[in-house]
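Chains as they are written, first to last, in the numbering used here: chain A, 1 to 156; chain B, 157 to 657. So the structure is just underneath, and the comments pick up after that.
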Amino acid sequence: MPTVWDEVRGREIIDRHAEREGPLLPILHDLQAGFGCIPSAAVPFVAEALNLTRAEVHGVVSFYHDFRDRPAGRHVLKLCRAEACQSMDGEAMAQRALDRFGVVWGGTTPDGSLTVEAVYCLGLCACGPSALLDGQPIGRLGPASLDDIAREVAVR
Amino acid sequence: MTRVFVPRDAAARAVGADCVAAALQHEAEQRGLAIELVRNGSRGLFWLEPMIEVETPAGRIAYGPVTPADVAGLFEADLVSGGAHALRIGRPEEVPFLKRQTRVTFARCGIVDPLSLEDYRAHGGYRGLARAHALGPAGTVQEVTASGLRGRGGAGFPTGIKWQTAADTAADRKYIVCNADEGDSGTYADRMLMEGDPFSLIEGMTIAGYAVGAAKGYIYVRSEYPDAIRAMEQAIVVACAAGCLDGFDLEVRVGAGAYVCGEETSLLESLEGRRGQVRAKPPLPAHKGLFGRPTVINNLVTLATVPAILADGAKVYADLGMGRSRGTMPIQIAGNAKHGGLFEAAFGLSLGEIVEEIGGGTASGRPVRAVQVGGPLGAYFPKSLFDTPFDYEAFTARDGLIGHGGVVVFDDSVDMARQARFALEFCAIESCGKCTPCRIGSTRGVEVIDKILAGEHADANISLVTELCETMKFGSLCALGGFTPYPVLSALRHFPEDFAS
């Protein structure tokens, strides 16, 4: 995944949505899918295309938890910290995960293989504690799941 | 060819449904058996997931929870004929958890192939739209009003009145917006329907568009639901190709991780491409909503219930329920529950029945201590309030709310001071920043609770946090700041012992 801003590719992404109503979020999602984050260099181009100020675009990028200013690790593990998972001792499981991978919330392992993030509800609330690994749901998280995750992250 | 059903619901996948499906396919091939694998939605009996079903002459027979290691043994036990096995559940409809339900909104979920229009039609789909066409737009709005349907997102506003307002407002264009930003912990009804019966939402929105004169609809789905987004997008393509959209244009938009965008005006801001900051009301969205145009914005469950109301008539729906809460509610039993799952029933069950009888108490086997109803902004109920009937007004009368129908069970290991602290912490993380009581009050609230727990002037600080909650309640524009006090004050009131240092 390229992480440096590429004006041609960036413009392609922006233009793809130009005719839609309220195109900013779809554009930002696609930019992040393409570049791994919202590169700060992209902001003026988005602003110009949508007739917004750079401040307005930056304001939107920084408002939403999903948008990153730098790429995540090769894999992203989102651990649910909301009430239903808390009731299943999810906080203790989450702490075990952070300890095991040696990161803090939002942190990436030194080899760049994994970023661990907090998420507040994945809608898997009857199968907690739950997580999402690269978009794949994991329920009834236990110590064995962490082994599976570690293996998955190293293999792929 | 024998049809075998393995749910593709994200919760079933989270506990291994994909591996079970692959093992079934592989084992059938090895044995030279022809099976047709259908990836259905979930029936909502999550403690039995992955729950597979086999179509037999005697009806569908369920087995669960199945692991890939069980698959060979299941075939040995003549799975394809519904043979005896330790994991055999029998007919799912006979499982008490399902048998006690009144499934209206979720009538098809877990039964049909979610992406088969043929299946959808065979199970009553598109009868609602046909009836709407027969009644005409005004008659359709009247029917929805007569059903007593209220907003299932939590606010409980009468749906028919909202539709009438949008219908009566003249404009060059109007919108239907589906709020599928299901951020409340303990809720998953929207997700299950999108993954298990997406056409019900498509039909509901098509009916809404016809009733109020809107030609464009948006479904705003949270980004935490990748499976639901995919299912919904696929279903729209199928419906569109089959000419089912009736000239109505439908589009999925993906949120970006902001809880507050579940608030309707904040969602509209987000759809327009701005920070998800709450708008002051009035103007109501039905007058000036998306892009300043009249907009019907409803929760997903509300919209997906409309086809059934139209198909069978308002009276059938309105005959269910109690008081001003008519019809059914998909109650989502979650957290530390023995039998966690989706339970659709007419309003009026007591909280105790839901938690103890239907939910079977805790998964941990320890005593139930507290139940949070209605998501992170809902109150914590102690066992002494388990006689509260599941009804909008009854919960309000006890300083709580039913919200979107989530019921999160906690056992006696819960620390209620920590839960109160979390409610404020969550509000601080998710506040859109527009109003001071929410933006600043939440952070100050966390600090005050920390002082209480450290034993610093505990009594004075308890009064202070109570007063702060009152300010948030009455001084915030939306439910985030306005309702965060519910979990905090209910924890303080019902579990004061947890706040002693």
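All residues carry an ideal CB built from backbone N, CA and C; glycine is no exception. A quick note: this is a predicted structure, and the numbers were derived from the prediction, not measured.
| query | Grouping DSSP H, G and I as helix and E and B as strand, with all else coil, what is B:M485? | reply | strand
| task | Output yes or no for whether 9 Å exceeds the beta carbon distance between B:G508 and B:M478. | result | no
| Do the segment 353–360 of chain B and the segment 313–325 of chain B touch if we need at least three Cβ pairs shorter than 8 Å? | no
| task | Report the residue from B:D654, B:I332, B:G309 and B:H650 whose alpha carbon sits nearest the alpha carbon of B:E445. | result | First, the amino acid is wrong: residue 445 of chain B is Gly here, not Glu. Comparing Cα-Cα distances from B:G445 to each of B:D654, B:I332, B:G309 and B:H650, the minimum goes to B:I332.
| request: Would you mind stating whether B:V176 and B:P293 have Cβ atoms separated by less than 9 Å? | output: no
| Assigned secondary structure, B:M628 (DSSP; H/G/I helix, E/B strand, else coil) | helix
| Would you say B:F447 reaches chain A, if we count a Cβ-Cβ gap shorter than 9 Å as a contact? | yes
| request: Alpha carbon to alpha carbon, how far is A:G73 from B:L305? Give it in angstroms, no decimals. | output: 46 Å
| query | B:Q320: which of B:A364, B:L645 and B:L533 sits nearest, CA to CA? | reply | B:A364
| task | Leaving out five residues on either side along the sequence, give the residues of the same chain with a beta carbon under 6 Å from the beta carbon of B:G521. | result | none
| query | To the nearest whole angstrom, what separates the beta carbons of B:G515 and B:V565, a pair I think is in contact under 8 Å? | reply | 6 Å
| Burial state of A:Q32 (16 or more Cβ within 10 Å) | buried
| field | DSSP state of B:V393 mapped onto helix, strand, coil | value | helix
| With 16 other CB atoms within 10 Å as the buried threshold, where does B:E192 fall? | exposed
| field | 8 Å contact criterion, which B:E205 and B:A167 should meet: CB distance rounded | value | 6 Å
| request: With 8 Å as the limit, tell me which residues of the segment 108–125 of chain A have their beta carbon closer than that to any beta carbon of chain B; keep them in chain order. | output: V119, Y120, C121, L122, G123, L124 and C125
| Applying a beta-carbon distance threshold of less than 9 Å, which residues of chain B neighbour A:G135? | P382 and D383
| message | Distance cutoff 9 Å, beta carbons only. Does A:I149 sit that close to anything in chain B? | response | no
| request: Check each candidate in B:D405, B:Q257 and B:G281 and name the one with the smallest Cα separation from B:V128. | output: No answer is possible for residue 128 of chain B: it lies beyond the span of chain B, which begins at 157 and ends at 657.
| said: Between which residues of its own chain and B:A179 is the CB-CB distance below 7 Å, once the five residues before and five after are set aside? | reply: P224 and V227
| request: Mind listing, in chain order, the continuous beta strand (DSSP E) runs of no fewer than 3 residues lying wholly within the segment 550–617 of chain B? | output: 562–567
| For B:R259, three-class secondary structure by DSSP | coil
| task | State yes or no: is the C-beta of B:M388 within less than 9 Å of the C-beta of B:G373? | result | no
| Sequence-distant residues of the same chain with beta carbon closer than 6 Å to A:A84, five excluded per side | C125 and G128
| message | For a test of the three-state rule: what should DSSP assign to B:V162, helix, strand or coil? | response | coil
| With DSSP run on the structure shown, which of helix, strand or coil describes A:L52? | coil
| query | Buried or exposed: B:G220, going by 16 or more other Cβ atoms within 10 Å of its Cβ? | reply | buried
| Mind checking if B:L254 is an interface residue toward chain A, Cβ cutoff 9 Å exclusive? | no
| Going along the chain, which residues of its own chain have a beta-carbon closer than 7 Å to the beta-carbon of B:E359, five neighbours each way excluded? | G281, Y282, G284, L285 and P463
| Since B:Q528 meets chain A, which of its residues come closer than 9 Å, beta carbon to beta carbon? | E83, A84 and S87
| task | Would you list the residues sitting across from B:R430 in a DSSP beta bridge? | result | DSSP output for B:R430 lists no bridge partner at all.
| query | Hey, is A:R156's beta-carbon within less than 9 Å of any beta-carbon in chain B? | reply | Confidence is the limiting factor: at A:R156 the pLDDT is only 48, short of 50, which leaves the residue's position unreliable and the question unanswerable from this model.
| request: Closer than 9 Å, Cβ to Cβ, to anything on chain A: give me those residues from the segment 375–409 of chain B, in chain order. | output: R378, S379, E380, Y381, P382, D383, A384, E407 and R409
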